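Trainee: Starting off with a structure, shown below.
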Amino acid sequence: MKLCMIGTGYVGLVSGVCFADLGNDVICVDKDNNKINNLKKGIIPIYEPGLEELVLKNYKNNRLNFSTNLKESIKKSDIVFVCVGTPTRRNSNSADLSQVYSVAKEISKSINKFKIIINKSTVPVTTGDEVEKIIAKKVSRKYFSVVSNPEFLREGEAIRDFIYPDRVVIGSNDVKSKKILKNLYSPLISKGAKFLSTNRRAAELIKYASNAFLATKITFINEIANLCEKTEIDVEDISIGIGLDKRIGSRFLRAGPAYGGSCFPKDTKAIVSTADKFKTNLSVIKSVIKSNQIRSDILQKRVNLILKNKVKNKKISFLGVTFKANTDDMRDSSSLKLIPYLSRRGAQIKYYDPTGFKKEFSKLKNVEFSQSIQDSIKGSDLIVIHTEWNDFKSINFRKFSKNKKLIIYDMRNIFSPDKIKKMGFKYFGIGR
Ligand SMILES: NC(=O)c1ccc[n+]([C@@H]2O[C@H](COP(=O)([O-])OP(=O)(O)OC[C@H]3O[C@@H](n4cnc5c(N)ncnc54)[C@H](O)[C@@H]3O)[C@@H](O)[C@H]2O)c1
């Protein structure tokens with residue numbers, strides 16, 4: 006099939022290249038000239054394991070192409086996937102849909118034969134109805150069908166998640182489009198993905214409800230971790246103990262910093278805002294959002310406590326600053342609150358992240374990027390393990406640090422407290 010992905014970001018690029026690898030002709034379009042020019046030269050705009058090889062392979066065999074020409078790309082395609090951003094609107098909790106609607110207007114000017122228009126972006130309930138109305142102002146409804154096909158991939162595992170999803174959700178009332186899309190996804194369905202067909206609004210809500218539920222699980226275990234810290238219990242035992250119950254399941258029950266990333270913070274806010282619009286109180290999700298916001302303050306207080314309130318001039322090393330491992334995505338990472346806070350309090354901060362320098366910290370006082378773990382750790386009073394990269398899991402702190410009073414704050418509980426204590430260092434984890 007001939008596919009057009011509008012928006013070549015985490016979702017558009019990954020799903021585009023995977024569809025190409027499954028034998029489709031794919032054009033990935035973006036309004037960002039620089040991004041498209043780089044992709045044509047084989048320079049990948051994001052860090053995602055396995056992505057570069059797959060892009061190079063499919064670009065070389067001409068199944069994958071890149072363009073900034075939206076109109077031409079739409080005209081050449083049978084199926085158009087809208088994969089643009091849906092961030093939180095300024096001064097509000099609702100989703101900013103301006104990118105989706107502006108793309109819908111562009112699409113309406115370029116329909117030259119029947120097309121399936123798919124919202125792959127995460128969009129609130131009824132957005133599909135609006136997109137349909139916008140396009141119908143210019144084109145008869147018999148020439149297009151608007152479908153919701155939410156994406157569930159996780160950054161850092163995106164390719165595997167796309168190829169082996171738990172489920173493919175298609176939200177549409179149009180039988181013909183459903184059949185075409187089931188066929189498009191058949192290579193994934195034959196590998197075990199469940200195919201779920203719903204109406205369009207239900208598919209839109211499935212995505213938000215999934216993200217809100219996962220955010221709730223994380224927030225739940227984070228609050229339990231707070232209790233563990235006061236009762237000399239290791240939260241890891243609790244995670245295992247409750248996760249073994251098949252009704253609960255063990256995933257997303259790892260205590261850590263506040264949840265972040267490009268999805269959970271904005272999507273929890275957006276679902277609450279949608280519900281408010283429909284005069285429905287999602288009180289559970291509201292308290293999850295609040296608890297997650299408070300979590301940053303709790304972690305700041307704990308760092309103060311660990312340093313006995315003497316933060317000024319303390320040398321602090323951050324290992325990992327992205328919101329999770331295997332991605333370069335900094336959106337809503339908890340380090341964006343913690344590092345500026347410690348910088349304001351006069352700490353001298355070095356950070357190392359496997360995905361390199363972060364412009365987000367470039368204007369902060371006494372915050373410096375280190376080229377290696379060793380450089381970052383050297384001379385530190387406190388090491389904060391912020392992100393659970395494999396690179397950090399077997400660091401020999403004794404080899405890298407001569408400081409006998411070194412303190413380790415392991416925000417991901419990747420080390421055994423006993424092992425660190427045996428090395429002679431002070432250890433603090435989360436919920437232990
Ligand atoms: N990142 C994830 O892990 C993830 C997972 C599932 C769903 N989603 C959802 O998918 C959507 C996209 O997320 P993302 O992380 O890929 O965003 P992103 O910011 O990485 O990429 C969006 C891209 O769209 C481009 N764009 C915007 N307007 C355009 C236009 N008019 N024409 C062409 N290109 C345009 C931007 O330049 C950008 O490159 C969001 O709704 C998000 O919630 C994201």
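Using the numbering used here, you'd call the opening residue of the sequence shown number 6 and step up by one each time.
Beta carbons are placed, not taken as given, at the ideal position from N, Cα and C, and that holds for glycine.
Just so you know, these numbers come straight off a predicted model, no measurement behind them.
Given a cut-off of 9 Å, decide if ILE175 and ASN154 are closer than it, judged by their beta-carbon atoms.
Mentor: For this step, residue 154 is matched to residue 149 along the sequence shown. For this step, residue 175 is matched to residue 170 along the sequence shown. For ASN154 and ILE175, yes; Cβs fall inside 9 Å.
Trainee: Kindly list the residues whose CB is nearer than 7 Å to the CB of ASN309, restricted to its own chain and excluding five residues on each side of it in sequence; keep chain order.
Mentor: Translated into the one-based positions of the sequence shown, residue 309 becomes position 304. Here the set comprises VAL316.
Trainee: Would you kindly work out how many angstroms separate the C-alpha atoms of VAL151 and VAL136, rounded to a whole number?
Mentor: Counting from one through the sequence shown, the residue named residue 151 turns up at place 146. Counting from one through the sequence shown, the residue named residue 136 turns up at place 131. So the alpha carbons of these two residues sit roughly 7 Å apart.
Trainee: Let me confirm a value: LEU232 is counted as buried when at least 16 other C-beta atoms fall within 10 Å, else exposed. Which label applies?
Mentor: As a first step, residue 232 must be located in the sequence shown, where it is residue number 227. LEU232 comes out exposed.
Trainee: Taking the Cβ atom as the reference point for each residue, do ASP134 and ARG68 lie within a distance shorter than 9 Å?
Mentor: Locating residue 134 in the sequence shown gives position 129, counting from the first residue. Locating residue 68 in the sequence shown gives position 63, counting from the first residue. No; because the gap between Cβ atoms is not below 9 Å, this pair is not in contact.
Trainee: Suppose the cutoff is 6 Å on Cβ atoms and the five residues either side in sequence are ignored; what does the same chain contact list for PHE119 look like?
Mentor: Counting from one through the sequence shown, the residue named residue 119 turns up at place 114. These residues qualify, in order along the chain: TYR148.
Trainee: Taking the alpha-carbon positions, what's the VAL60 to THR360 distance?
Mentor: In the sequence shown, counting from the first residue as 1, residue 60 sits at position 55. In the sequence shown, counting from the first residue as 1, residue 360 sits at position 355. Roughly 19 Å between the two C-alpha positions.
Trainee: Within 10 Å of its beta-carbon, does TYR298 have 16 or more other beta-carbons around it, so buried, or fewer, so exposed?
Mentor: Working through the sequence shown from its first residue, we reach residue 298 at position 293. For the sequence presented, residue 298 should be read as Gln rather than Tyr. So GLN298 counts as exposed.
Trainee: Compute the Euclidean distance between the alpha carbons of ASN318 and THR221, then round it to the nearest angstrom.
Mentor: In the sequence shown, counting from the first residue as 1, residue 318 sits at position 313. In the sequence shown, counting from the first residue as 1, residue 221 sits at position 216. About 37 Å.
Trainee: Identify every residue that forms a DSSP beta bridge with ALA275.
Mentor: For this step, residue 275 is matched to residue 270 along the sequence shown. DSSP, once it has assigned bridges, lists no residue as partnering ALA275.
Trainee: Taking all protein chains shown into account, do 16 or more other C-beta atoms lie within 10 angstroms of the C-beta of ARG252, making it buried, or fewer, making it exposed?
Mentor: As a working mapping, residue 252 is identified with position 247 in the sequence shown. Looking at its Cβ environment, which holds fewer than 16 other Cβ atoms inside 10 Å, ARG252 is exposed.
Trainee: Between THR332, ALA275, CYS9, ILE139, which has its C-alpha nearest PRO129's C-alpha?
Mentor: Translated into positions along the sequence shown, residue 129 becomes position 124. Answer by Cα proximity: ALA275.
Trainee: Around the Cβ of VAL180, are there at least 16 other Cβ atoms within 10 angstroms (buried) or fewer (exposed)?
Mentor: As a first step, residue 180 must be located in the sequence shown, where it is residue number 175. Under this definition VAL180 is an exposed residue.
Trainee: Take GLU228 and list the residues in its own chain whose beta-carbon comes closer than 7 Å to its own, dropping the five residues that flank it on each side.
Mentor: Along the sequence shown, one-based indexing puts residue 228 at 223. SER296, listed in sequence order.
Trainee: Which of the three DSSP states, helix, strand or coil, is assigned to ASP333?
Mentor: Taking the sequence shown and counting its residues from 1, the one referred to as residue 333 is at position 328. Note: ASP333 maps to coil in three-state DSSP.
Trainee: Here's the rule: buried if 16 or more other CB atoms are within 10 angstroms of the residue's CB, otherwise exposed. What is TYR169?
Mentor: Taking the sequence shown and counting its residues from 1, the one referred to as residue 169 is at position 164. When all chains shown are included, TYR169 counts as exposed.
Trainee: What would DSSP say about VAL173, mapped onto helix, strand or coil?
Mentor: For the purposes of this step, residue 173 is taken as the residue at position 168 of the sequence shown. VAL173: strand per DSSP, three-state reduction.
Trainee: May I have the straight-line CA-CA distance separating ARG417 from SER113, to the nearest angstrom?
Mentor: Translated into the one-based positions of the sequence shown, residue 417 becomes position 412. Translated into the one-based positions of the sequence shown, residue 113 becomes position 108. Cα-Cα distance, rounded: 47 Å.
Trainee: Cα separation between PHE397 and LEU56?
Mentor: If you number the sequence shown from 1, residue 397 lands on position 392. If you number the sequence shown from 1, residue 56 lands on position 51. Looking at the two C-alpha atoms, the distance is approximately 23 Å.
Trainee: Counting along the chain, where does the beta strand (DSSP E) carrying ASP415 start and finish?
Mentor: As a first step, residue 415 is located in the sequence shown; it is residue number 410 there, counting from the start. Element bounds for ASP415: 412-415.
Trainee: Distance, Cα to Cα, ILE400 vs SER255?
Mentor: Counting from 1 along the sequence shown, the entry for residue 400 is found at position 395. Counting from 1 along the sequence shown, the entry for residue 255 is found at position 250. Their backbone Cα atoms lie some 27 Å apart in a straight line.
Trainee: Report the rounded CA-to-CA distance for PHE269 versus ILE290, giving the unit in angstroms.
Mentor: Translated into positions along the sequence shown, residue 269 becomes position 264. Translated into positions along the sequence shown, residue 290 becomes position 285. Cα to Cα, PHE269 sits roughly 11 Å from ILE290.
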